[in-house]
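K.L.:
Sharing a structure here in structure tokens format.
In the numbering used here, the protein residues as written are 933 to 1030.
Structural data, given as structure tokens:
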């Protein structure tokens, strides 16, 4: 069975140093709180330095009633965002809100 693509939406995420461990979080200015955890492929953490921003397709989920998190399918292409691309994406997101 394939994954339900309608559950996924474009989200800008960034890597950050969390006391020695590199983790991912949503970029500020979107529908998701920046403290929301992001589960994604290790390539995002291992192949890029902390502070790198990415454009991903993610869905909000939880694991058996646990805390919610954003899930990024591990087989999706890695798209790195420049600061200008991030700013443009966030501006388009704000314009599209009701």
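Built from N, CA and C at the ideal position, the CB exists for glycine as well. Bear in mind that the values here come from a model prediction, so they are computed numbers and not experimental data.
#1: Give the single residue among 978, 976 and 994 whose Cα lies nearest to the Cα of residue 968.
#2: What three-state label does DSSP hand residue 1009 in the structure shown?
#3: May I ask you to check if the CB of residue 999 is nearer than 8 Å to at least one heavy atom of the ligand ZN?
#4: Which value, in whole angstroms, describes the spacing of the CA atoms of residue 1030 and residue 1010?
#5: Whole angstroms is fine: what's the gap from residue 989's alpha carbon to residue 951's?
#6: Relative to the C-alpha of residue 974, which residue among 1018, 1005, 1015 and 1016 is closest?
#7: Just to confirm, is the Cβ distance from residue 1013 to residue 944 under 9 Å?
#8: Measuring straight from C-alpha to C-alpha, what distance separates residue 965 and residue 1015?
#9: Report the start-end ranges of each beta strand (DSSP E) in the segment 936 to 992 that is 3 residues or longer and not cut off at the edges.
P.N.:
Quick answer:
#1: The count along the chain shown starts at 1 and reaches residue 968 at position 36. Nearest to residue 968 by alpha-carbon distance, out of 978, 976 and 994, is 994.
#2: Looking up residue 1009 in the chain shown gives position 77. Coil.
#3: As far as ligands go, the structure on display features none, and thus does not contain the ligand ZN.
#4: Within the chain shown, residue 1030 is the residue found at index 98, counting from 1. Within the chain shown, residue 1010 is the residue found at index 78, counting from 1. Low per-residue confidence applies at residue 1030: pLDDT is 42, beneath 50, and the placement is therefore not dependable enough to give any value.
#5: As a first step, residue 989 must be located in the chain shown, where it is residue number 57. As a first step, residue 951 must be located in the chain shown, where it is residue number 19. Spanning the two alpha carbons is a distance of roughly 27 Å.
#6: Here residue 974 is taken as the residue at index 42 of the chain shown, counted from 1. Out of 1018, 1005, 1015 and 1016, 1005 has the C-alpha closest to the C-alpha of residue 974.
#7: Taking the first residue of the chain shown as position 1, residue 1013 is located at position 81. Taking the first residue of the chain shown as position 1, residue 944 is located at position 12. At the C-beta level, residue 1013 and residue 944 come within 9 Å of one another.
#8: Here residue 965 corresponds to residue number 33 of the chain shown, with the count starting at 1. Here residue 1015 corresponds to residue number 83 of the chain shown, with the count starting at 1. Rounded to the nearest angstrom, the gap between the Cα atoms of residue 965 and residue 1015 is 20 Å.
#9: Uninterrupted beta strand (DSSP E) stretches at least 3 residues long and entirely within the segment 936 to 992 occur at 941 to 950 and 953 to 958, given in chain order.
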